[in-house]
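Have a look at the structure below, then the notes.
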Amino acid sequence: MIFKKLITFTNLRSVKLIIRTMSSSALEKIPNVDIDDRGRYKYILIKVTDQNDSSNQSKYVVRGGQRFDFHADCYDNFKKCIKPDELNVTTRILGGGWLEHGDKSILVEGASVQYGPADHSISANILRKAYPDYEIACNNE
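All residue numbers for the sequence shown refer to the UniProt record's numbering, where the first residue is 1 and numbers rise by one.
Below is the structure:
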């Protein structure tokens, strides 16, 4: 009886480890930044939360591009690309604005009419990690 409980406990630890590994890999499959190389265009800040275990790990991602007429189009494209149901993640748009992407610089500013302004400081920090040799600035006015 004690031996059976020990096996069950060991298996439970293995299962938790597997779930935790699956969980972290779900968020890792989603790039932190996907934006156009140059120009001025709409962008959105999204929070992605992993539903694969009880820890509810999450991360922020930035998406944008000239091909999107509306911030909602950008969000729809993001969900189509990552397939949240397959990865078992939830997504929530936190706001939007504009990116001015120049030569080795990105300006984060403005607001989405539909979703309101994103927290540009969070967006800028994400962009700084993706573009370490760029000058990233925020205009919160």
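C-beta: ideal position from N, C-alpha, C; glycine also.
Cβ neighbour criterion (16 or more within 10 Å) applied to P132: Numbered from 1 along the sequence shown, position 132 holds the residue referred to as residue 132. P132 comes out exposed.
Determine, using beta-carbon pairs with one atom in the region 101-112 and one in the region 76-84, whether at least three such pairs fall under 8 Å. no
Run of the beta strand (DSSP E) containing A137, from where it starts to where it stops: For the purposes of this step, residue 137 is taken as the residue at position 137 of the sequence shown. Unbroken beta strand (DSSP E) run through A137: E135 to N139.
Kindly indicate which residue of I35, A137, E135 and S112 has the alpha-carbon position closest to the one of G65. Position 65 of the sequence shown holds residue 65. Checking every option, the nearest Cα to that of G65 belongs to I35.
Proximity of Y60 and S123 at Cβ, strictly below 9 Å: Reading the sequence shown from its first residue, position 60 is the one you call residue 60. Reading the sequence shown from its first residue, position 123 is the one you call residue 123. Contact flag set, yes.
Extract the residue ranges of the beta strand (DSSP E) inside the region 49-135, only unbroken runs of 3 or more that lie entirely within it. 58-65, 89-102 and 105-109
If you draw a straight line from the alpha carbon of N56 to that of V33, how long is it in whole angstroms? Translated into the one-based positions of the sequence shown, residue 56 becomes position 56. Translated into the one-based positions of the sequence shown, residue 33 becomes position 33. Their backbone Cα atoms lie some 21 Å apart in a straight line.
Cutting at 6 Å between CB atoms, please list the residues of its own chain near L107, excluding the five before and the five after it. In the sequence shown, residue 107 corresponds to position 107, counting from 1. Cβ within range, chain order: E100 and A137.
Take N140 and list the residues in its own chain whose beta-carbon comes closer than 7 Å to its own, dropping the five residues that flank it on each side. The count along the sequence shown starts at 1 and reaches residue 140 at position 140. Same-chain partners within the cutoff: H120.
Of the choices Y41, L127 and I30, whose alpha-carbon is the least far from that of D50? Numbered from 1 along the sequence shown, position 50 holds the residue referred to as residue 50. D50 has its Cα closest to that of I30, out of Y41, L127 and I30.
Thinking just about the alpha-carbon of each residue, which of L127, T91 and D37 is nearest to the one in I46? Reading the sequence shown from its first residue, position 46 is the one you call residue 46. That would be T91, whose Cα lies nearest to the Cα of I46.
Is K129 buried or exposed, if buried means 16 or more other CB atoms sit within 10 Å of its CB? The residue you call residue 129 lines up with position 129 of the sequence shown. Flag for K129 reads exposed.
Taking all protein chains shown into account, decide if N52 is buried (16 or more other Cβ within 10 angstroms of its Cβ) or exposed. Position 52 of the sequence shown, counted from the first residue, corresponds to residue 52. By the neighbour-count rule (16 or more Cβ atoms within 10 Å), N52 is buried.
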